[in-house]
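Everything below concerns the one structure shown next.
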Ligand code: AMP
Ligand code: MG
């Protein structure tokens with residue numbers, strides 16, 4: 022397939038390009054679009070054939086449902102069978118933004134989108150490009166991350182080109198993603214509400230709006246492939262570079278000692294730590310600052326593969342607040358391999 026790369030810098034100036042992307046989507050095509058979390062591979066969520074093409078392009082397992090993106094709160098009415106009070110409060114507080122809410126679905130949502138579940142995941146993104154494409158096409162967009170399944174999610178258009186060139190109709194280059202990791206996913210389809218995937222919107226922020234919220238078991242444990250997971254996506258190997266990653270829970274001093282005699286290894290570290298290590302390093306943000314870490318983590322994971330080493334030892338982010346979401350992605354990239362020193 023021929024893939025067009027389209028650079029969009031200003032909505033006002035690039036309205037023709039937005040119209041073109043919307044037309045391709047209305048015709049059943051696939052367009053990679055930037056969002057504030059990561060780049061997504063978007064299709065008309067109401068067109069099962071178009072949605073199937075997303076699964077094909079990504080090599081995504083068919084039992085892993087997709088998030089449906091809307092631009093306006095009224096767009097949700099035809100998609101969900103009920104919109105409970107707690108979900109409404111969350112939508113009012115955090116939309117548009119990096120929060121996905123799982124609700125009971127209507128028949129308007131094809132089974133290909135929900136992977137046969139009775140529920141659908143809905144998000145209203147903040148990024149102006151995807152919002153404009155939804156508005157212009159007049160349809161909700163199914164849009165999982167625009168990477169080959171299992172690889173680190175894409176946070177710039179180059180990552181999308183590496184993974185999906187020749188497999189989609191359009192790749193929109195809209196610069197770097199602001200947040201850099203995927204949305205927080207909360208299920209409000211049943212009580213009590215549960216976080217299925219941590220993200221920049223933290224458990225504490227959710228609880229401040231709707232009271233007690235817990236993490237689903239799948240957030241911290243690896244799920245055997247055969248088991249039916251509450252969030253199917255959480256059971257697959259994720260965010261994985263080809264290089265083996267091991268998380269090292271330790272002070273920097275102990276970390277440095279541990280890796281110093283590991284021939285052929287590399288380190289994933291915080292900014293400035295490289296100068297105190299004798300092995301190849303990639304840094305992924307400022308220590309203690311989850312925002313710089315989330316923004317750069319997936320790029321750093323891709324960069325590790327270019328080092329050509331066998332094993333990478335990684336510094337661990339803070340395990341609280343937004344740092345917990347960064348830790349969650351790193352833990353999955355490491356296949357749950359961690360060492361406590
Ligand atoms: P992605 O869009 O690739 O970042 O992945 C979407 C995430 O949302 C995956 O972890 C899915 O398993 C999860 N998800 C989507 N729809 C549902 C649903 N109806 N119920 C539970 N989890 C869902
Ligand atoms: Mg994904």
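Residue numbers (the numbering used here): 22 to 362.
The beta-carbon is built from N, C-alpha and C at its ideal position, and this holds for glycine as well.
Values in this document were obtained by computation on a predicted structure and should not be read as measured data.
Could you give the first and the last residue of the continuous beta strand (DSSP E) run that contains residue 148? The residue labelled residue 148 in the question sits at position 127 within the chain shown. It is not in any beta strand (DSSP E) - residue 148 carries neither H nor E in the DSSP assignment.
In DSSP terms, what residue 302 is bridged to: Locating residue 302 in the chain shown gives position 281, where the first residue counts as 1. In the DSSP output, where bridge partners are listed per residue, residue 302 has 288.
Confirm the yes/no value for this check: CB of residue 138, any heavy atom of ligand 1, distance under 6 Å. Your numbering for residue 138 matches position 117 in the chain shown. Yes, Cβ of residue 138 sits closer than 6 Å to a heavy atom of ligand 1.
Roughly how many angstroms separate the alpha carbons of residue 246 and residue 265, rounded to a whole number? Numbered from 1 along the chain shown, position 225 holds the residue referred to as residue 246. Numbered from 1 along the chain shown, position 244 holds the residue referred to as residue 265. In this prediction, residue 246 has a pLDDT of 44, which is less than 50 and means its spatial position is unreliable; nothing more can be read from the coordinates.
Helix, strand or coil for residue 347, going by three-state DSSP, please let me know. Taking the chain shown and counting its residues from 1, one reaches residue 347 at position 326. Residue state, collapsed to three classes: helix.
What are the boundary residues of the alpha helix (DSSP H) that includes residue 41? Here residue 41 refers to the residue found at position 20 of the chain shown. Element bounds for residue 41: 36-47.
Between residue 183 and ligand 1, is the CB less than 6 Å from at least one heavy atom? The count along the chain shown starts at 1 and reaches residue 183 at position 162. The answer is no for residue 183.
Residue from 292, 123, 282 with nearest C-alpha to residue 213: For the purposes of this step, residue 213 is identified with residue 192 of the chain shown, where counting begins at 1. Closest option to residue 213, Cα to Cα, is 123.
Per the DSSP calculation, residue 235 is bridged to which residue(s)? As a working note, residue 235 is residue 214 in the chain shown. Note: residue 235 sits in a beta bridge opposite 215.
Would you call the CB atoms of residue 51 and residue 194 closer than 7 Å? Position 30 of the chain shown holds residue 51. Position 173 of the chain shown holds residue 194. No, the Cβ-Cβ distance between residue 51 and residue 194 is not below 7 Å.
Comparing the CB of residue 50 with every heavy atom of ligand 3, is any distance shorter than 6 Å? This structure lacks ligand 3; its bound ligands are ligand 1 and ligand 2.
Just to confirm, does residue 206 get its C-beta within under 6 Å of one of the non-hydrogen atoms of ligand 1? Within the chain shown, the letter at position 185 stands for residue 206. Correct: residue 206 has its Cβ closer than 6 Å to ligand 1.
Exposure label - residue 31; buried when at least 16 CB within 10 Å: For the purposes of this step, residue 31 is taken as the residue at position 10 of the chain shown. By the neighbour-count rule (16 or more Cβ atoms within 10 Å), residue 31 is not buried but exposed.
Are there any heavy atoms of ligand 2 lying less than 6 Å away from the beta-carbon of residue 119, as far as the coordinates show? By 1-based counting over the chain shown, the position of residue 119 is 98. It does not: the Cβ of residue 119 is nowhere closer than 6 Å to a heavy atom of ligand 2.
Length of the line joining the Cα atoms of residue 134 and residue 27: Taking the first residue of the chain shown as position 1, residue 134 is located at position 113. Taking the first residue of the chain shown as position 1, residue 27 is located at position 6. Roughly 26 Å between the two C-alpha positions.
Since residue 335 contacts residue 268 with CB under 8 Å, what's their CB separation in whole angstroms? As a working note, residue 335 is residue 314 in the chain shown. As a working note, residue 268 is residue 247 in the chain shown. The pair is a contact, with the Cβ atoms about 5 Å apart (cut-off 8 Å).
What does DSSP give as the partner residue(s) for residue 140 in the beta ladder? Residue mapping note: residue 140 aligns to position 119 of the chain shown, counting from 1. The partner list for residue 140 (beta bridge, DSSP) reads 125.
Which word fits residue 284, buried or exposed, when buried means at least 16 other C-beta atoms lie within 10 angstroms of its C-beta? To locate residue 284, count along the chain shown from 1; it is residue 263. It is exposed - the Cβ of residue 284 has fewer than 16 other Cβ atoms within 10 Å.
For residue 359 and residue 48, what's the separation of their Cα atoms in angstroms? What you label residue 359 is simply residue 338 of the chain shown in a count that begins at 1. What you label residue 48 is simply residue 27 of the chain shown in a count that begins at 1. Each residue's Cα considered, the two are about 46 Å apart.
Does the beta-carbon of residue 248 have 16 or more other beta-carbons within 10 angstroms, so that it is buried, or is it exposed? Walking along the chain shown from the start, residue 248 turns up at place 227. Bear in mind that a pLDDT of 47 at residue 248, under 50, signals an unreliable position, so the number given afterwards is only what the model happens to contain. Exposed, since its Cβ has fewer than 16 Cβ neighbours within 10 Å.
Is it buried or exposed for residue 156, if we count other Cβ within 10 angstroms and need 16 for buried? The residue you call residue 156 lines up with position 135 of the chain shown. The residue in question, residue 156, is exposed, as its Cβ has fewer than 16 Cβ neighbours within 10 Å.
Which residues DSSP lists as bridging residue 28, in chain order: Counting from 1 along the chain shown, the entry for residue 28 is found at position 7. Beta-bridge pairing links residue 28 to 194.
For residue 158 versus residue 46, is the C-beta spacing smaller than 7 Å? The sequence position of residue 158 within the chain shown is 137, counting from 1. The sequence position of residue 46 within the chain shown is 25, counting from 1. Yes, Cβ-Cβ distance for residue 158 and residue 46 is below 7 Å.
Take every Cβ of the segment 217-233, pair it with every Cβ of the segment 68-78, and state whether three or more of those distances are shorter than 8 Å. no
DSSP three-state label for residue 385, please. In the structure as shown, the chain starts at 22 and stops at 362, and residue 385 therefore has no counterpart that could be examined.
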